[in-house]
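What follows is a short report on a single structure.
Chains as they are written, first to last, in this note's numbering: chain A, 5 to 163; chain B, 22 to 166.
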């Protein structure tokens, strides 16, 4: 049943976030009529708007393995930090756990699935970065090297 | 992805439909969910949408959205999305309305988002086998007077 029909994408778009400064352009948006805001006419018969992105669907037979042996990581999930360069990770399985490791600084994360291992790794790297870049920390030579490597991949967010 | 910066995912949600308001381009997420029920498997979800809010995106990207079955981490479907982000002053939003997405068996699934080959984020959902009500009928039988 599932194999009989391929997935379809009915619409896809990428855009800047919606703006709450509602209808500033009176020629396209609402206009003021006797003190009341009148919304523009709704067009229900125009179908989907033209997409500004191109979408393709790959069937599993043609797509790569979702758990590869090497992975580039960019999902640090820290509002204060930005990933400058993707972190190269090695992916392995030890006993029943997936392990991702960053050999350059010998850090790793583990979990039940690849995503869980990446979450664990992300947590470790965030803590390490904040610790090594704290004002009151005087790291030794080895940790200074780790701090330097971290700084090549991660920087504080400026905006 | 080239020289484009690595975006950060601020939010990623699964819902029935994403509607963009004409004029403001504000998004409405209709029916946000993480669990769905089906009477039989394999099954297809007739309508499902992914909403992603991104920071730091600017330039041309090839995003990949992968639906992965977590039981064995096998790939169910992959969707490639070519996008050009021209406004770096604001967050960017990726809204994807899809149909007929297959789910081979009950269990946990995950949508994983990549920018090029760089893993960004994931959102997990669960497919549950629903039980037929007693008598075996999905719909109530019509009452005869």
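All C-beta atoms, glycine included, are put in the ideal place defined by N, C-alpha and C.
Report the CB separation of residue 119 of chain B from residue 69 of chain B in whole angstroms; it is logged as a contact under 8 Å. 5 Å
Could you tell me which residues DSSP pairs with residue 123 of chain B in its beta bridges? B/65
Quick one: does residue 11 of chain A have its CB under 8 Å from some CB of chain B? yes
Given a threshold of 16 other Cβ atoms within 10 Å of its Cβ, counted over all protein chains shown, does residue 143 of chain B qualify as buried or as exposed? Residue environment: residue 143 of chain B is assigned as buried (16 or more neighbouring CB atoms within 10 Å of its CB, all protein chains considered).
Classify residue 5 of chain A as helix, strand or coil using the three-state DSSP reduction. Only weak support exists for where residue 5 of chain A lies, its pLDDT of 40 falling under 50; the value from the coordinates is given anyway. It is coil, neither helix nor strand.
Which partner residues does residue 145 of chain B have in the DSSP bridge list? B/131
What are the boundary residues of the alpha helix (DSSP H) that includes residue 157 of chain A? Taken as a continuous stretch (DSSP letters only), the alpha helix (DSSP H) holding residue 157 of chain A covers 145 to 157.
My guess is that residue 129 of chain A and residue 114 of chain A are in contact by the Cβ rule of under 8 Å, so how many angstroms apart are they, rounded? That belief does not hold up - the Cβ atoms of residue 129 of chain A and residue 114 of chain A are roughly 14 Å apart, past 8 Å.
Does residue 128 of chain A come out as helix, strand or coil in the three-state DSSP assignment? helix
8 Å is my cut-off, CB to CB: does residue 58 of chain B come that close to chain A? no
Look at the alpha carbon of residue 109 of chain A and the alpha carbon of residue 153 of chain A, and state the distance between them as a whole number of angstroms. Spanning the two alpha carbons is a distance of roughly 7 Å.
C-alpha distance - residue 123 of chain B paired with residue 117 of chain A, whole-angstrom precision: 21 Å
Limits of the unbroken beta strand (DSSP E) element including residue 87 of chain B: 80 to 90
Which class does residue 135 of chain A belong to by DSSP, given the choice of helix, strand or coil? helix
Residue 105 of chain B: first and last residue of the uninterrupted beta strand (DSSP E) it sits in: 95 to 106
Sort A/122, A/14, A/76 and A/81 by Cα distance to residue 29 of chain B and report the nearest one. Comparing Cα-Cα distances from residue 29 of chain B to each of A/122, A/14, A/76 and A/81, the minimum goes to A/81.
Rounded to whole angstroms, what is the Cα-Cα separation between residue 37 of chain A and residue 53 of chain B? For residue 37 of chain A, the pLDDT reaches just 49, beneath the cut-off of 50, and the residue's location in the model is therefore unreliable, although a value from the coordinates is still provided. One C-alpha to the other measures close to 37 Å.
So, with DSSP's three-state summary, where would you put residue 153 of chain B? coil
Residue 101 of chain A touches chain B at which residues, Cβ-Cβ below 9 Å? Taking the beta carbon of residue 101 of chain A as reference, no residue of chain B falls within 9 Å; the closest one sits roughly 13 Å away.
Evaluate contact between the region 137 to 156 of chain B and the region 47 to 64 of chain B, counting only Cβ atoms and requiring at least three cross-stretch pairs below 8 Å. yes
C-beta atoms of residue 96 of chain A and residue 27 of chain B nearer than 8 Å: Cβ atoms of residue 96 of chain A and residue 27 of chain B: not closer than 8 Å.
Where does the unbroken beta strand (DSSP E) through residue 111 of chain A begin, and where does it stop? 111 to 115
For residue 139 of chain B versus residue 90 of chain A, is the C-beta spacing smaller than 8 Å? yes
Considering only C-alpha positions, which residue in the set A/126, A/13 and A/14 is nearest to residue 106 of chain A? A/126
Any C-beta of chain B within less than 7 Å: which residues of the region 110 to 130 of chain A qualify? 117, 118, 119 and 122
So the beta strand (DSSP E) residue 17 of chain A belongs to, where does it begin and stop? 12 to 20
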